[in-house]
Each structure stands twice: as C-alpha cells, then as structure tokens.
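For the sequence shown, counting from 1, position 70 maps to 69 in numbering that gives the first Met the number 0; every step adds exactly one. Note that CB positions come from ideal geometry on N, CA and C, so glycine has one too. Since we're looking at a predicted model, the values are computed, not measured. See below for the structure under consideration.
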Amino acid sequence: MNEEIKVRWLGTAGFEISLRYPILIDPFLRRNRKASPVQNLKPEDFSHAQYIFVSHGHSDHAIDVPDIARFSQSKIFCSSVTRRFLIRKKVNPHLITVIDGDREFDFGDFSVKAYLCKHSKIDVGIIIESMPQLLIAVPRLLADFLTMPGGPLVVLLFDFSGLKILHMGSLPADHRKIASKLSDKTDVALVPLRGRSDIAEIAAEFSKSLKPRAIVIHHHDNFAPPLSPPVDVKTFEERIEKLMPGTMLYEPEMNVYFSPKKLIEPL
0 MNEEIKVRWL
10 GTAGFEISLR
20 YPILIDPFLR
30 RNRKASPVQN
40 LKPEDFSHAQ
50 YIFVSHGHSD
60 HAIDVPDIAR
70 FSQSKIFCSS
80 VTRRFLIRKK
90 VNPHLITVID
100 GDREFDFGDF
110 SVKAYLCKHS
120 KIDVGIIIES
130 MPQLLIAVPR
140 LLADFLTMPG
150 GPLVVLLFDF
160 SGLKILHMGS
170 LPADHRKIAS
180 KLSDKTDVAL
190 VPLRGRSDIA
200 EIAAEFSKSL
210 KPRAIVIHHH
220 DNFAPPLSPP
230 VDVKTFEERI
240 EKLMPGTMLY
250 EPEMNVYFSP
260 KKLIEPL
C-alpha cells in the first residue's frame, strides 16, 4: 500500500492523498488574481474523490468543499460548526460525519485518528503587522466571520498500512495536550506556517514534541493578497535544524505529487 501513495499540496492547508482514489484535506482552490502561486484546479477536477476531511470552518479551508462534494459525492468529515456551513450550502447531510470529539475511523485502505482541539489564536504582533490590510478588508473579514466561523480544529493522523501522516490545518492552541495524545509515531507531519508573528518558533517547538521523521511545510503561500503575505520559512528551517538535526524538511511545489515514503527513506 505504501508504494501506491502520492501526495500533492493544493496550496494553503490543502492536500490530496492519492491511492486508487483521491482523499482531500482542506481543499481550498479559489484565489484572487494576485495570488502566488496560481491555482488552476477546479472543483470538477476532483469528481473521483471519495473522502474530504476539513480541519475547521474558515473560508480558506472549507469554502470549496460544497462544490467539490456536488461533483464527487464524497463523504465529508468535519466539526459540527463546519457542518452547519455545509448544510447551508445544500450539501447532502447524509454525506457528512461530525467529529465531535476524539474519533477513530477505519476505511479499509487506511485509517484515521481525529483529535478535536482549539484553533490557535492570532497574536497582537501579527495584528499590528497586518493593520493596513486588515482595515481595507474589514467588510470581507466580517462576512467570513459571520458566515464561516472556524470553530474547533480537527487534527488528523492518517495511517496507510503503517505509514503515518499527520495533518494540521492550523497549529492547535493546546499543542502540548495534542502532542501527548499522539503516542503513535508520526512519520510525516504536515506543518502549517500561518496565523502568528511567532509561528516559526511555535511550529518548531510543536514539531519537536511530535518527533516526525519528515516535515512538510504548508499554509505559507500568498493565497489571498494583501491579507496573506508569504511567510519567510528560513527562521523555521533554522529552528528545526537546531532542535531536530537531521530531520527531513520539505517545501512542496503546488500541484506536484511527491512520495511521503521517499521523504523518510534513509539517504
């Protein structure tokens, strides 16, 4: 099974894990014209997807899920907050499974452990840095807040015949508590770099507690300018080199498949 697995980053926190069929996580596709890198994939390109996992309800994680579900009739796994948004968008309720606590799912080809936790809070530093852009975007941000609240964060640990891949759509606020629950060895951790001025330091400390064999960074792209300036990953890289020397750190290219197994193979 491990030989068959391919992964591609869809931008922001979105990923496709490809077996004989696609598994989608936070598949956010739409961009404004100034976004970088450009995402040309559309919901109809995922008509064969069988499962969609949504980490939380913010627009850059969940807004394209209704359209993808209409094309694919995928089974959707999300929090109750995200479910309410999906129902408003006419998604068939029978497709949705609510993650209302720590849950385990076995799909035959793979299994998932889902952990419900608190979304990280935006710190004062990033608010100050983004103030000019925030003032311009107040109407849109207010609309997003009212119609697409984030709700709790779902952290997902996938197990593909012993190959364990951890996805976080955002860093959890209670990351020490989550790390203590992840007693299973994480092979590949998909680590987001977004949402705080000190994200590099926090993400590195959390990664150290997880002790993955490889780290794939995401959510560092300029997906919604001017509100999403690209993140300088150099500080994170330096922290990981200091805290976890020898750990593979991989920056994916959008829409290009990579092998998670090869990331953890010894040189």
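Check: With a 10 Å radius around its C-beta and 16 neighbouring C-beta atoms as the bar for buried, classify GLY194 as buried or exposed.; Outcome: buried
Check: Near LYS112, which residues of its chain fall below 6 Å by C-beta distance, leaving aside the five closest residues on each side in sequence?; Outcome: GLU103, LEU156
Check: State the CB to CB distance for the pair LEU277 and VAL230, rounded to an integer number of angstroms; the pair is presumed to be in contact (CB under 8 Å).; Outcome: The requested residue 277 does not occur in the structure, where the chain is confined to residues 0 to 266.
Check: What is the rounded straight-line gap between the Cα of VAL90 and the Cα of GLU240?; Outcome: 44 Å
Check: What is the rounded straight-line gap between the Cα of TYR50 and the Cα of ASP173?; Outcome: 27 Å
Check: Skipping 5 residues on each side, what residues in its chain have a beta carbon closer than 7 Å to that of GLU250?; Outcome: ILE216, VAL232
Check: Determine, using beta-carbon pairs with one atom in the region 93-109 and one in the region 73-85, whether at least three such pairs fall under 8 Å.; Outcome: yes
Check: Label ASP59 either buried or exposed according to how many other C-beta atoms from any shown protein chain fall within 10 Å of its C-beta, with 16 as the threshold for buried.; Outcome: buried
Check: For VAL111, name the three-state secondary structure that DSSP assigns.; Outcome: strand
Check: Buried or exposed for GLY309, going by 16 or more other Cβ atoms inside 10 Å?; Outcome: Since the first residue shown for the chain is 0 and the last is 266, residue 309 is missing from the structure and cannot be characterised.
Check: Bridge partners for THR96 per DSSP, in chain order?; Outcome: PHE76
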